[in-house]
Structures are given as C-alpha cells and as structure tokens.
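As they're listed, the protein sequences go chains Y and S.
FYI, in the numbering used here the residues of the first sequence are 7 to 124.
FYI, in the numbering used here the residues of the second sequence are 466 to 576.
Where a beta carbon is used, it is the ideal one built from N, C-alpha and C, also for glycine.
Here is the structure we will look at, set down as structure tokens.
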Amino acid sequence: EVQLVESGGGLVQPGESLRLSCAASGFTFRIYWMNWVRQAPGKGLEWVAIISPDGSAKYYVDSVKGRFTISRDNSKNSLYLQMNSLRAEDTATYYCARDDYWGRSPYWGQGSLVTVSS
Amino acid sequence: DIVMTQTPLSLSVTPGQPASISCKSSQSLLHSDGKTFLYWYLQKPGQSPQLLIYEVSSRFSGVPDRFSGSGSGTDFTLKISRVEAEDVGVYYCMQGLSLRTFGGGTKVEIK
C-alpha cells in the first residue's frame with residue numbers, strides 16, 4: 007500500500023526557516039516525480055514544487071522561488087521541502103503527492119500544518 | 466502562467482440530481498503529443514485531495530461511473546450524473562501542461 011507521511015510542521019515566526027519531510031513507503035520511491043502542494047486555511051489548493059526521480063530537475067511556483075528548496079533522498083525514501091524566509095502567507099497545510107504519470111497525482115499524504123505568525 | 470477558472474463557486478444539489486462544474490484555462494492544454502493535461506480532484510471534508518479524472522475524461526481506478534469529464538482546448542466540464550451524499554466536498558480542476566495550476570474550487574453540498 008502506498009503511504010506518504012508528512013512531518014516537520016509547526017509554528018514559526020516570520021523570517022524563520024522550517025524543513026518538511028515526507029516519508030514514502032509501499033512503492034519504489036526512486037522512480038517517481040514527487041510534489042509539494044499547499045492549502046491555506048479555508049482556501050484552495052496551490053501547487054508549490056516538483057522534483058524529478060533522480061533529483062536533477064526541480065520546479066517551483068513563482069511565489070516560493072528563491073526561498074523554498076525541494077529535495078529528496080532516494081536511499082531513505084524521503085522527500086523534503088526546505089522553507090526559508092517564511093512569511094505569513096506561507097501559512098498552510100503542506101501535502102506531498104506522488105505522480106504516477108506526468109500531471110497525474112493519485113497519492114497524497116495527510117498533510118502537515120505550517121503556521122507563520124509572530 | 467496558465468490560469469484556471471472554475472464556475473460556479475458552489476453548488477447545492479438534491480440527491481439523485483445531476484451536477485455540472487465548468488473549468489476554463491487561459492491557454493490550450495493540448496500537448497503536441499495529443500494528450501490534454503486536464504485533471505479533476507475532489508477534496509472531501511477533512512481529507513486529502515483524491516484524483517477523479519485524468520486527461521480530461523479518463524476515470525481513475527475506483528471512481529464511480531456517475532463521474533464524467535469532457536471538453537477540449539480551454540473549456541472543460543465535470544459532470545456527476547446523480548449526486549450522492551458521499552460526493553460532497555470541493556472539486557478542483559488542475560492543468561498539468563505547464564507545471565501545475567489548480568482552479569479555485571467548486572464546493573458541492575447536498576440540499
């Protein structure tokens with residue numbers, strides 16, 4: 007069974023950093039594109055970032071470019087999102103999601119809440 | 466950047482009645498390989514999103530056949546032939562042609 011479990015969320019102050027993790031199991035992690043998608047409280051879904059199976063290709067939504075870094079460790083079946091210079095508008099539940107084909111993401115974690123507030 | 470616009474914002478439907486959601490993209494989602502990268506997701510209350518439809522009209526595994534997708538180019542529609550209580554939630558269209566963009570969502574509730 008495919009499982010994606012996010013962790014690392016919490017309350018931070020504006021300007022601080024946080025690293026989210028997504029532990030994957032039940033599938034061959036190293037062959038799939040992986041995403042981060044976020045949802046601000048009471049709002050819609052926003053795609054944040056995607057990384058290729060070998061980690062060589064990374065793409066971001068404009069609002070996080072230069073502040074967030076997506077990465078993965080295929081030896082640990084883990085996906086990461088390093089978030090720096092956090093802003094109040096980054097407050098959201100962050101989901102990791104696995105593609106099976108480009109654009110098609112059938113598998114999602116339960117989400118990890120990040121709150122940026124002073 | 467591709468902008469996705471969904472209408473309506475919300476729908477209140479009597480069980481057993483049909484429902485329809487529109488999604489428009491700011492540019493064609495047709496790829497040179499012939500595929501159209503338009504997807505539909507449902508987020509039920511308190512849950513993570515789940516994939517319903519991929520590439521405009523293909524139902525994902527386990528999705529009931531009362532859900533159908535149609536459209537081409539920039540105009541797409543998700544139809545529920547007979548709404549059931551378990552269909553409540555927020556429906557999102559998403560484009561996958563140029564990275565990813567979600568529509569704003571359509572909330573479906575039961576009358």
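Under DSSP, the beta strand (DSSP E) around residue i begins and ends at which residues?
i                     : result
residue 540 (chain S) : 540-545
residue 16 (chain Y)  : 16-18
residue 515 (chain S) : 515-519
When DSSP builds the beta bridges, which residues end up paired with residue i?
i                     : result
residue 103 (chain Y) : Y:41, Y:114
residue 572 (chain S) : S:475, S:555
residue 536 (chain S) : S:541
Can you list, in chain order, the residues of its chain whose CB lies under 6 Å from that of residue i, leaving out five sequence neighbours each side?
i                     : result
residue 481 (chain S) : 547
Secondary structure at residue i, three-state DSSP: helix, strand or coil?
i                     : result
residue 60 (chain Y)  : coil
residue 96 (chain Y)  : helix
residue 79 (chain Y)  : strand
residue 8 (chain Y)   : coil
residue 497 (chain S) : coil
residue 31 (chain Y)  : strand
residue 70 (chain Y)  : helix
residue 55 (chain Y)  : strand
residue 36 (chain Y)  : helix
residue 484 (chain S) : strand
In chain order, what residues of the same chain have a beta carbon less than 7 Å from the beta carbon of residue i, not counting five sequence neighbours either side?
i                     : result
residue 501 (chain S) : 494, 495, 520, 521, 537
residue 562 (chain S) : 467, 494, 496, 502
residue 477 (chain S) : 574, 576
If I measure Cβ to Cβ from residue i and keep anything under 8 Å in the same chain, skipping five residues before and after, which residues do I get?
i                     : result
residue 568 (chain S) : 469, 470, 471, 488, 557, 558, 559
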